[in-house]
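Quick note: the sequence shown, position 102, residue 102 per the UniProt record's numbering, numbers continuous. The beta carbon of each residue, even a glycine, is placed where N, CA and C say it ideally should be. A short worksheet on the structure shown next.
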Amino acid sequence: MNEARTGLSLWLDRLTLRSALGSEEREAVLGLPGEIETIRANRDFVRLGEEVTRSCLILSGMAGRFGQARSGERLTTAIHIAGDMADLHSAVLPKAASALQSLGETVIYRVPHDALMEASERYPALAQAFWRDCTVDAAILSQWSLTNARQPAMERIAHLFAELSIRFDIGETREGTDFEFPLTQVQLGDATNLTAVHVNRMLRALRETGVVDVRNKRVRVLDWKKLCSVADFDPTYLHLRKGG
């Protein structure tokens with residue numbers, strides 16, 4: 001259970017970025033029950049239309065949220081990293097309107113909805129923290145929709161890398177930030193509404209201009225200020241401060 005507690009601690013860090021929680025609320029989060037499950041790469045672990053009774057905390061790896069057209073084509077609408085409760089909203093809306101897929105091998109912790117609801121009912125501050133967490137997910141979706149509809153290709157990819165840099169470092173960024181990125185170029189295209197060929201060209205351009213380097217399934221930020229400039233990145237939508 002150490003792995004589960006580490007993941008819950010990461011989630012708690014995210015919650016306390018935006019919400020003031022006392023010792024009892026913190027222990028309630030760290031004590032949430034659940035089951036650890038290892039998901040092989042590129043497997044759906046929440047399916048569209050499925051009635052779920054547990055929410056999924058990412059312990060390691062990376063997961064994509066996606067919608068799917070009748071043709072079978074998918075569009076990724078969010079990327080979840082270690083410490084994200086990927087479908088917290090399912091505690092109150094249990095029928096999955098979007099699905100979750102592992103992007104590389106991913107370990108999750110399935111937390112019963114009953115436990116989440118009991119904690120939120122017992123501790124009103126936790127209910128507000130959970131509410132804020134869901135609101136930030138909605139804000140990220142809104143920003144992705146704008147970026148992928150209105151920004152050129154390079155800006156879309158740069159924006160995603162800037163966002164993930166902030167989220168992995170929990171609000172702190174610097175040159176040399178390095179994080180896991182198991183997505184294929186096809187999957188990155190699904191997240192940015194680009195073809196794999198276009199993604200390949202943009203990654204090469206970002207590397208050649210000294211912005212980011214993507215290799216061996218990792219992203220390394222070479223120049224944070226330049227990355228933010230290329231992406232036209234403003235992290236306000238991530239609400240990284242209490243009450244923000």
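| Asked | Found |
| --- | --- |
| Delimiting residues of the alpha helix (DSSP H) encompassing D137 | 124-150 |
| Which of helix, strand or coil DSSP assigns to H239 | coil |
| Closest residue to T147 among L88, A82, F161 (Cα-Cα distance) | F161 |
| Rounded separation between G61 and P124 - CA only | 31 angstroms |
| Residue burial classification, S102 (beta-carbon count within 10 angstroms, cutoff 16) | buried |
| Residue range of the unbroken alpha helix (DSSP H) whose run includes H80 | Per DSSP, H80 belongs to no alpha helix (DSSP H); it is in the beta strand (DSSP E), 74-81. |
| Within 8 angstroms, strictly: CB atoms of L206 and I166 | no |
| Proximity below 8 angstroms, CB of E155 to CB of A231 | yes |
| Where the beta strand (DSSP E) containing L100 begins and where it ends | 99-102 |
| D178 (DSSP reduced to helix, strand or coil) | strand |
| Among Q185, H159, D190, C56, nearest to K225 - alpha-carbon criterion | H159 |
| Cβ shell of A91 (< 7 angstroms), same chain only, five flanking positions each side left out | S55, H113, L116, M117 |
| Pick from A196, V221, N216 that is closest to E208, judged by C-alpha positions | V221 |
| Bridge-paired residues (DSSP) for R220 | D178, D213 |
| Segments assigned beta strand (DSSP E), at least 3 residues, entirely inside the stretch 6-89 | 35-39, 44-46, 54-60, 62-68, 74-81 |
| Under 8 angstroms between C-beta atoms of G210 and D223 | yes |
| Bounding residues of the alpha helix (DSSP H) (the contiguous stretch that carries T192) | 185-192 |
| Assigned exposure category for G244 - 16 Cβ within 10 Å defines buried | Because the pLDDT at G244 is just 46, under 50, the model does not fix this residue reliably, and the value given afterwards should be weighed accordingly. With fewer than 16 Cβ atoms within 10 Å of its Cβ, G244 is classed as exposed. |
| CA-to-CA distance, L164 to S9, given in whole angstroms | 19 angstroms |
| Alpha carbon of D133 to alpha carbon of K95, nearest angstrom | 19 angstroms |
| For V230, three-class secondary structure by DSSP | helix |
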